[in-house]
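Taking it in order: structure first as structure tokens, then the write-up.
There are 2 protein chains.
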Amino acid sequence: MRRASLDSVNCSIAQTLDVVGDPWTLLVVRDALWGVTRFDEFRRSLGIPRATLSTRLRDLVDHGVLEQRPIEEGATRSEYVLTRKGRDLRPVLVAMLQWGDTWAELPTPPVTLVDSTTNESLDLTYVDQTSGRALRDIAVGRRINTHSASAAEHSATG
Amino acid sequence: MRRASLDSVNCSIAQTLDVVGDPWTLLVVRDALWGVTRFDEFRRSLGIPRATLSTRLRDLVDHGVLEQRPIEEGATRSEYVLTRKGRDLRPVLVAMLQWGDTWAELPTPPVTLVDSTTNESLDLTYVDQTSGRALRDIAVGRRINTHSASAAEHSATG
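From first to last, the protein sequence lines stand for chains C and X. According to my numbering, numbering within the first sequence proceeds without interruption in unit steps and concludes at 158. According to my numbering, numbering within the second sequence proceeds without interruption in unit steps and concludes at 316.
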């Protein structure tokens with residue numbers, strides 16, 4: 001499951017994949033977003049071997065996505081809680097969930113995202129805050145920021 | 159780089175990862191979104207071995223994310239073009255790009271997304287279309303859709 005590091009590539013997408021490009025890793029983050037904190041809960045939820053889960057949790061702690069802390073003062077057992085950096089992965093998972101809802105051959109979307117304070121369904125869409133238009137209505141291009149040291153060396157940074 | 163299939167898991171995120179959970183695969187999709195269509199262009203852009211790229215392209219064609227077609231009528235060489243299903247991955251890549259821009263240790267964001275017709279910078283944010291609120295201001299929960307056959311079997315579907 002390990003792959004060559006992409007972290008030298010001058011591209012924010014490649015950098016993100018270098019942290020969360022492993023499928024199990026993103027599923028750990030998904031579970032953490034749903035409130036899972038304990039090793040055994042992750043293992044039960046994901047059905048992965050202990051060693052695999054240990055590695056993924058350690059990588060996520062090393063990358064600052066999860067914080068590992070004792071379940072209570074002085075306890076030896078740990079819990080794993082998303083940091084700000086980890087919670088910021090929410091849009092990635094929302095985008096994946098929506099794509100799967102649309103394109104996976106599931107009989108029905110397994111979950112609906114809701115506002116947890118009101119329990120109202122959410123209808124999340126990428127919108128350009130400047131123009132108010134939805135991403136789906138925009139032809140997106142990119143401007144390569146030439147003050148970025150090695151941008152010019154890559155024909156398809158991003 | 160291959161992993162156990164996740165496609166039996168009743169979760170839209172897992173289903174998405176089953177198609178695009180490999181980092182190279184998402185980088186191929188990224189390049190395709192930027193207009194890359196030819197094998198050699200992908201190879202040059204990504205710097206990956208021919209065999210690896212061949213496998214990724216074939217998988218993406220098999221999954222209906224890319225369409226393979228002759229570069230011109232009767233030609234033997236192919237080009238690879240995103241299908242509707244493939245273009246629908248744009249939000250996943252936008253979300254990854256934004257996370258990398260925020261959290262990767264790059265000196266500056268390598269690219270800025272623009273409206274390709276006006277060349278204006280885009281400020282893309284997930285918004286709940288019903289309430290108009292930004293995702294970052296919402297505490298998101300989930301409702302498990304019990305009419306989904308095996309939803310109840312998984313403690314952390316999504």
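Glycine included, each C-beta is placed from N, C-alpha and C at the ideal position. A quick note: this is a predicted structure, and the numbers were derived from the prediction, not measured.
Based on the DSSP output, what are the partners of residue i in its beta bridges?
i                 : result
Gly-141 (chain C) : X:Val-272
Ala-292 (chain X) : X:Val-285
Arg-38 (chain C)  : C:Glu-79
Give a yes or no on whether the minimum CB-CB distance between residue i and chain X is below 9 Å.
i                 : result
Arg-38 (chain C)  : no
Ala-75 (chain C)  : no
Ala-51 (chain C)  : no
Leu-135 (chain C) : yes
Arg-90 (chain C)  : yes
Thr-55 (chain C)  : no
Arg-143 (chain C) : yes
Val-61 (chain C)  : no
Gln-15 (chain C)  : yes
Arg-163 (chain C) : Examination of residue 163 (chain C) is not possible in this model, given that chain C is present from 1 through 158 alone.
Taking the alpha-carbon positions, what's the residue i to residue j distance?
i                 : j                 : result
Gln-173 (chain X) : Ala-233 (chain X) : 35 Å
Gly-86 (chain C)  : Pro-70 (chain C)  : 19 Å
Arg-196 (chain X) : Ala-139 (chain C) : 21 Å
Thr-275 (chain X) : Arg-133 (chain C) : 14 Å
Ala-253 (chain X) : Leu-89 (chain C)  : 8 Å
Leu-26 (chain C)  : Val-20 (chain C)  : 6 Å
Pro-110 (chain C) : Val-272 (chain X) : 34 Å
Asp-62 (chain C)  : Arg-56 (chain C)  : 10 Å
Asp-259 (chain X) : Pro-265 (chain X) : 9 Å
Ala-314 (chain X) : Gln-256 (chain X) : With a pLDDT of only 41 at Ala-314 (chain X), under 50, the local geometry of the prediction cannot be trusted, and the value read off the model is given with reservation. Going from the Cα of Ala-314 (chain X) to the Cα of Gln-256 (chain X) covers about 26 Å.
Phe-200 (chain X) : Thr-125 (chain C) : 30 Å
Val-239 (chain X) : Asp-217 (chain X) : 14 Å
Ser-308 (chain X) : Trp-261 (chain X) : Confidence at Ser-308 (chain X) is low in this model, with a pLDDT of 47, below 50, so the placement of that residue should be treated as unreliable; the coordinate-derived value is given next. The alpha-carbon atoms of Ser-308 (chain X) and Trp-261 (chain X) are separated by roughly 36 Å.
Gly-299 (chain X) : Glu-230 (chain X) : 49 Å
Asp-176 (chain X) : Thr-83 (chain C)  : 26 Å
Arg-136 (chain C) : Val-187 (chain X) : 17 Å
Val-190 (chain X) : Thr-130 (chain C) : It should be pointed out that residue 190 (chain X) corresponds to Ala in this sequence rather than to Val. Near 26 Å, if we compare the C-alpha coordinates of Thr-130 (chain C) and Ala-190 (chain X).
Thr-146 (chain C) : Thr-270 (chain X) : 11 Å
Pro-23 (chain C)  : Arg-235 (chain X) : 33 Å
Leu-211 (chain X) : Leu-66 (chain C)  : 32 Å
Ala-51 (chain C)  : Gly-64 (chain C)  : 20 Å
Glu-237 (chain X) : Glu-263 (chain X) : 35 Å
Leu-251 (chain X) : Ile-13 (chain C)  : 7 Å
Gly-205 (chain X) : Gln-226 (chain X) : 21 Å
Pro-91 (chain C)  : Cys-169 (chain X) : 16 Å
Arg-202 (chain X) : Ile-302 (chain X) : 44 Å
Asp-286 (chain X) : Trp-34 (chain C)  : 19 Å
Pro-207 (chain X) : Pro-49 (chain C)  : 31 Å
Do we get a CB-CB distance below 9 Å when we pair residue i with the residues of chain C?
i                 : result
Asp-180 (chain X) : yes
Ala-253 (chain X) : yes
Thr-275 (chain X) : yes
Leu-224 (chain X) : no
Tyr-238 (chain X) : no
Arg-201 (chain X) : no
Glu-278 (chain X) : yes
Ile-229 (chain X) : no
Runs of beta strand (DSSP E) wholly within the stretch 209 to 290 of chain X (minimum 3 residues, chain order): Taking only runs of at least 3 residues, the beta strand (DSSP E) segments lying wholly in the stretch 209 to 290 of chain X are 224 to 228, 236 to 240, 269 to 273 and 282 to 286.
The stretch 261 to 280 of chain X contacting the stretch 36 to 56 of chain C, beta-carbon criterion three pairs below 8 Å: For the pair of segments examined, the stretch 261 to 280 of chain X was found not to touch the stretch 36 to 56 of chain C: the number of CB pairs separated by less than 8 Å stays below three.
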